[in-house]
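If you count the sequence shown from 1, position 61 lands on 1283 in my numbering, and the numbers rise without skipping. The structure under discussion appears below in the form of structure tokens.
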Amino acid sequence: MSTNEPSTLIPAAENPFDSMISRFDEAARILNLSDGLYNVLKSPAKQVIVSLPVSMDDGSIQVFEGYRVVHNINLGPAKGGIRYSMDVHLDEVKALAAWMTWKCAVSNIPFGGGKGGIKCDPRSMSAGELERLTRAYTRAMIDVFGPEKDIPAPDMGTGPREMAWIMDQYSKLVGYSSPAVVTGKPLVMGGSKGRVEATGRGVMVACRSAMLKMGLNPYKSTCAVQGFGNVGSISAKLIEQQGLKILAISDVTGGYYNPNGINIQEAIAYSQSHGDQLLGFTGADPISNNELLELDVDVLVPAAMEDQITGHNAPRIRAKLIVEGANGPVAASADEILNQNGVMVVPDILANAGGVTVSYFEWVQNRLGYFWTEERVNRRADRNMKEAFEHVYQASMQHNCSLRIAAYIVAIDKVAQVTQLRGGI
Ligand code: NAD
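Structure (structure tokens):
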């Protein structure tokens, strides 16, 4: 019996591919991209859908649907995570794959964009079932994956454990150990130092770079962070270390507000000892996630999930600066309102690129067979992030547009130039 219903259609307004395309369109118009190049860059290069039969612990066989989309490989092998969730559908995977193309291009990483997913509920499956599913997916993708072709990584519902299974299965099939086929591996089997903190660290660097441009003094500034997982908690910790006062944090259990500032180390320790949740945290008063977004703070870091700031609540946002830790937390419908209100938004494809940057470093180290110190990883990642921010900032000045559209302009221009130089169309 299959657990997988056919992908349901989602309304156009919430369709992530449409949201990405609307920003892509604006940047393409400013760049005066030809119709031909527009169509090439908009279309995913490859879309693979596979059926994955898996023996379940109760003796039954279930067939899961798996996807891998390679959006563009003109800058290098495809790079992008694998998501395990019942909400996975092809449109989402296509949007996320394109996002990866632009994210790598804007961060000057020699990778293209890819993304994968399996429609499944990982929380209801045993470790054995998940291992058999992951190995079946890797076998099905043997012609797609490869250190020179397409390099997966963790995403929602997957982590170092799944990456270890992919690395092992791929290595068994090709007949030699191939750590560079996947990133986000456990440290002991070729993961990179600094990877766990990389995305939050990049958010902090992007935040500091933007504050410098805006003339905001970190020691006189306040911040709210939505989401307290990998990205949110580490962003909050490192931003606090820059001198900002973190007035509010939140997770799926709600928001926590303290006008005198929250001690982030204490909050992290609390969350770690309470099943990765802040529920019951006493260093602050409870508020809702929506209230957190609308607080009177200088900096807002949405680091939980997509579509948190929309046309509906954008007029009430009081932060001067939004740094997108999550992917897609500001919906396209909010862009214009925030622009008009003078809110600077450091877009996801730039702000959270620290993760893919250190994934790239992991791939480099695997191919070198030589591992860097954490200090070297952080130094190079920080430099990369600062340069990417400056490049996007200059493009926004040149084209008199938001940082988001500037980031798309930088990315699309680069991929378009390389596409033309490579030719062969
Ligand atoms: P995570 O699972 O570690 O943390 C997610 C956090 O969001 C948790 O604290 C959870 O409680 C909270 N949350 C869930 N639903 C919520 C809701 N409705 N309201 C408020 N909070 C809610 O995930 P993560 O790795 O930190 O990723 C967060 C976002 O950042 C995602 O959009 C992800 O795609 C993006 N991202 C992550 C990385 C990375 O390296 N981890 C890199 C780039 C982008």
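A virtual CB, placed ideally from N, CA and C, is assigned to each residue, including glycine.
Taking 8 Å as the threshold (C-beta atoms), are residue j and residue i in contact?
i	j	result
GLY1381	SER1307	no
ALA1556	ALA1541	no
VAL1568	THR1323	no
LEU1318	ILE1340	no
ASN1480	ASP1507	yes
SER1472	GLN1448	yes
ILE1509	ILE1484	no
ALA1362	GLY1454	no
TYR1392	GLY1338	no
VAL1403	GLY1368	yes
LEU1395	ILE1364	yes
ALA1250	ILE1634	yes
GLY1477	GLU1513	yes
Considering only heavy atoms of the ligand NAD, does any lie closer than 7 Å to the CB of residue i?
i	result
SER1329	no
MET1385	no
GLN1448	yes
THR1421	yes
GLY1413	no
ASN1511	yes
MET1433	no
VAL1453	yes
MET1527	yes
ASN1549	yes
GLY1577	yes
TYR1574	According to the sequence provided, residue 1574 is Asn. The question's Tyr does not apply to it. Yes, the beta carbon of ASN1574 sits closer than 7 Å to at least one heavy atom of the ligand NAD.
Assuming the contact rule is C-beta atoms closer than 8 Å, residue i and residue j should be a hit. Round their C-beta distance to whole Å, please.
i	j	result
ALA1267	VAL1292	5 Å
THR1532	ALA1553	4 Å
LEU1253	ILE1631	6 Å
ASP1518	GLY1550	25 Å between Cβ atoms; not a contact.
VAL1270	VAL1366	6 Å
VAL1523	ILE1539	VAL1523 to ILE1539, Cβ: 13 Å. No contact.
SER1431	LYS1608	6 Å
What residues are listed by DSSP as bridge partners for residue i?
i	result
PRO1446	For the sequence presented, residue 1446 should be read as Ala rather than Pro. ALA1446 is bridged to ALA1470, LEU1522.
TYR1289	ILE1271, GLY1339
ALA1300	GLY1334, ASP1372
GLN1284	VAL1276
PRO1508	TYR1478
TYR1306	ILE1340
Let me check you understand the geometry: is the CB of residue i closer than 7 Å to at least one non-hydrogen atom of the ligand GDP?
i	result
VAL1474	Absence of the ligand GDP is noted for the structure shown, with the ligand NAD being the only ligands found.
| Taking three-plus beta-carbon pairs below 8 Å as touching, is the segment 1451-1463 in contact with the segment 1418-1433? | yes
| So, do the segment 1600-1619 and the segment 1574-1588 have three or more beta carbon pairs nearer to each other than 8 Å? | yes
| query | At a cut of 8 Å, does the segment 1435-1442 reach the segment 1484-1498 through at least three beta carbon pairs? | reply | no
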